[in-house]
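Residue numbers for the sequence shown follow our numbering, beginning at 1220 and rising by one. Beta carbons are placed, not taken as given, at the ideal position from N, Cα and C, and that holds for glycine. Source: prediction; values computed, not measured.
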Amino acid sequence: MKRKFSFEGVLELAVISTFVLMMLSVCIQVFSRYALPWSPSWTEELARFCFIYMVSLGAGLAVKDKGYVRVGLIFDRLGPRSSIRLEIAILSCIGVLMGCMLYFSIPLIRIVALQQSASMKINMGFIYFSMLAMSAVVLGYVIREIFINCKTLHL
């Protein structure tokens, strides 16, 4: 059976990959602290950067799966149409926040691109690019979910 590559599949693979890389980095750090006379300084930094990207890329998947924090008590007391309207309002607020973050992350990336990380000597623009990636992915999923909710509301 042929499997189609989807954006969600690539995103899930990226989140899983950064998690596995973060766990390997932490295991190397723990092993080297107790079993070796020295421990590499880059492992802590790599784990931190992997965590940043894992959360940033996973945020869009959380919006898609409605995995963000919701107060179920409020939604349970509302009717189906009111619940969808509240969902649209919440998603709109998230969209505004992500739009602002997308807009302001671009100049920030340009500013920090002049710096390198302490241990790994990675351009910090790459690390701060996670803000742009998160805001773009979340904004895309927010827009998609708003359209789905609007279609459901008008049926």
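Sequence-distant residues of its chain with Cβ nearer than 6 Å to residue i (five each side left out)
i: I1247; result: T1262
i: S1349; result: I1271, Y1272, S1275
i: V1356; result: G1279
Classification of residue i by the beta-carbon crowding that lies within 10 angstroms, buried from 16 upward
i: E1227; result: exposed
i: G1314; result: buried
i: T1237; result: buried
i: I1328; result: buried
i: L1310; result: buried
i: M1242; result: exposed
i: A1352; result: buried
i: L1443; result: No answer is possible for residue 1443: it lies beyond the span of the chain, which begins at 1220 and ends at 1374.
i: S1225; result: exposed
i: V1277; result: Here residue 1277 is Gly; the residue named in the question, Val, does not match the sequence. Answer is buried; the Cβ neighbour count reaches 16.
i: V1288; result: exposed
Beta-carbon contacts of residue i that lie in its chain and below 8 Å, excluding the five residues immediately before and after
i: I1346; result: F1268, I1271, V1331, S1336
i: S1251; result: W1257, S1258, P1259, T1262
i: L1372; result: R1300, I1303, R1304, I1307
Three-state secondary structure assigned by DSSP to residue i
i: Q1335; result: strand
Contact belief for residue i with residue j at Cβ below 8 Å, rounded distance in angstroms
i: L1292; j: M1339; result: Wrong, their Cβ atoms sit about 45 Å apart, outside the cutoff.
i: Y1360; j: K1283; result: 5 Å
Same chain only: Cβ atoms within 7 Å of residue i, ignoring 5 sequence neighbours per side
i: M1202; result: For the chain, the structure presents residues 1220 to 1374; residue 1202 sits outside this window and is missing.
i: A1233; result: L1276
i: G1344; result: I1328, V1331, A1332
i: E1231; result: L1280
- Item | Start-end ranges of the alpha helix (DSSP H) lying completely within the region 1226 to 1288, minimum 4 residues | 1226 to 1254, 1261 to 1283
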